[in-house]
Amino acid sequence: MMASTCPNCGKRLRIWDVKAECSDCGVSIPNFNWQARLEEDNVYAEQQAAKFNKTMNRIKYSLWGTKLRIARLVLTILPALGFILPWVHIRSEAEQFDLSIISFSHSKALVDFFKSFFGDMGLYFTNMKLEGFSGAVTFQFAGYILFVLSAFFIVLAFLFNIFKCGKPKTKSTITLDVISIFFSVLSVVSFFLSGSAGAQAVAYNFGDFPVVNPAVSIMWGYFIALVLLFGAMGINIAVAVAPAKTDEELESERLAKKAVKEEAEAKKRAEREKAREEAEKAKAEEDAKRVEEAKAKLAASKAKKEKK
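Structure, rendered in structure tokens:
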């Protein structure tokens, strides 16, 4: 039984009460007060539909509801391009490194670092421990981790446009942008310190990558990435201070668009129905014309035979 008590008389139902009817009052438990329960289900369904429409209205409005928000959508995606550009480059007589997701100059980049790190984590931690966690390996390792954190927070800032769609003037995206910029600066500083420390050490192993006589330089890619990051932060500030529509306004617009769409569909259906009726009428007229022609031919043939 789904119910633990009879909804009519309140009798406690046991595991052996398998009949649909209550043994005391005889009411059908599954069908008891079904009209009221149906109305409750309808009310609940309407509430859920309204809640769903409200959420979808907010998501659409947050992403492309205004020209400013469309611009935000573009400018918060563009920073991803900055992370494939070289931020810092470490040259050496052995392996060379780029602070970037991938390298277009055959240097080792973030992807190569992760392959090496997950292949032998102990080697990295051993080397960092030997230098007292303050040498070239440690700074370069920290640079890559901070680089990942910067990318993570800028992606999170973009996703918060959806997560926080219920609060169109939220400043959380701005905070995440600031954190992303902060980590990007730390990653560049760490990588630069790695090159400086490596130059003093002359040679070292970054995991299984040998580095000899390194020299470090900040690359043009970081300045482009920084402009893109600040652009994302700026557009989020602009959206946060701009006027925002209420849920009632968004629902009104949705219903208006729905009405226009339904009117257009009804017009198309009416046009199709009219075309069908005209086609049937034309076919009926053509059939009638053929019948008349056939009758005329038959009459003419009959008259000709009578003359003979």
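With the first letter of the sequence shown counted as 1, position 120 gets the number 143 in our numbering; the numbers rise by one all the way through. C-beta atoms are modelled at their ideal positions from N, C-alpha and C, and glycine is treated no differently. All values reported here derive from a predicted model rather than from experimental measurement.
{"Asked": "Element boundaries [beta strand (DSSP E), containing F232]", "Found": "232-235"}
{"Asked": "Beta-carbon proximity of N150 to F214, cut-off 9 Å", "Found": "no"}
{"Asked": "S203 and A174 closer than 9 Å at C-beta", "Found": "yes"}
{"Asked": "Supposed close pair N56, P30 - CB separation, criterion 8 Å", "Found": "7 Å"}
{"Asked": "For R81 and E288, the rounded distance between their alpha carbons", "Found": "26 Å"}
{"Asked": "Buried or exposed (CB count within 10 angstroms, at least 16 for buried), K90", "Found": "exposed"}
{"Asked": "Host beta strand (DSSP E) of V171 (start-end)", "Found": "Careful: V171 lies outside any beta strand (DSSP E), inside the alpha helix (DSSP H) at 159-186."}
{"Asked": "Residue from F232, L104, E272, S128 with nearest C-alpha to G88", "Found": "E272"}
{"Asked": "Straight-line Cα distance separating Q223 from S126", "Found": "26 Å"}
{"Asked": "Neighbourhood of C188 by C-beta distance below 7 Å, restricted to the same chain and skipping five residues each side", "Found": "R81, I82, S85"}
{"Asked": "Nearest residue (CA-CA) to I38, options D231, F162, T28", "Found": "T28"}
{"Asked": "Cβ neighbour criterion (16 or more within 10 Å) applied to R92", "Found": "buried"}
{"Asked": "Residue environment, K328, which counts as buried when at least 16 other CB atoms sit within 10 Å", "Found": "exposed"}
{"Asked": "CB of I100 within 9 Å of CB of I197, strictly", "Found": "no"}
{"Asked": "Neighbourhood of F176 by C-beta, 6 Å cutoff - its chain only, sequence neighbours within 5 removed", "Found": "L199, I202, S203"}
{"Asked": "Pair within 9 Å by beta-carbon distance, S123 and A132", "Found": "yes"}
{"Asked": "Through-space distance from A59 to C32, alpha-carbon basis", "Found": "17 Å"}
{"Asked": "One or two residues paired with I247 in a DSSP bridge", "Found": "Bridge partners of I247: none, in fact."}
{"Asked": "Beta-carbon contacts of G218 that lie in its chain and below 6 Å, excluding the five residues immediately before and after", "Found": "I113, P237, V239"}
{"Asked": "Span separating the alpha-carbon of V111 from that of L153", "Found": "25 Å"}
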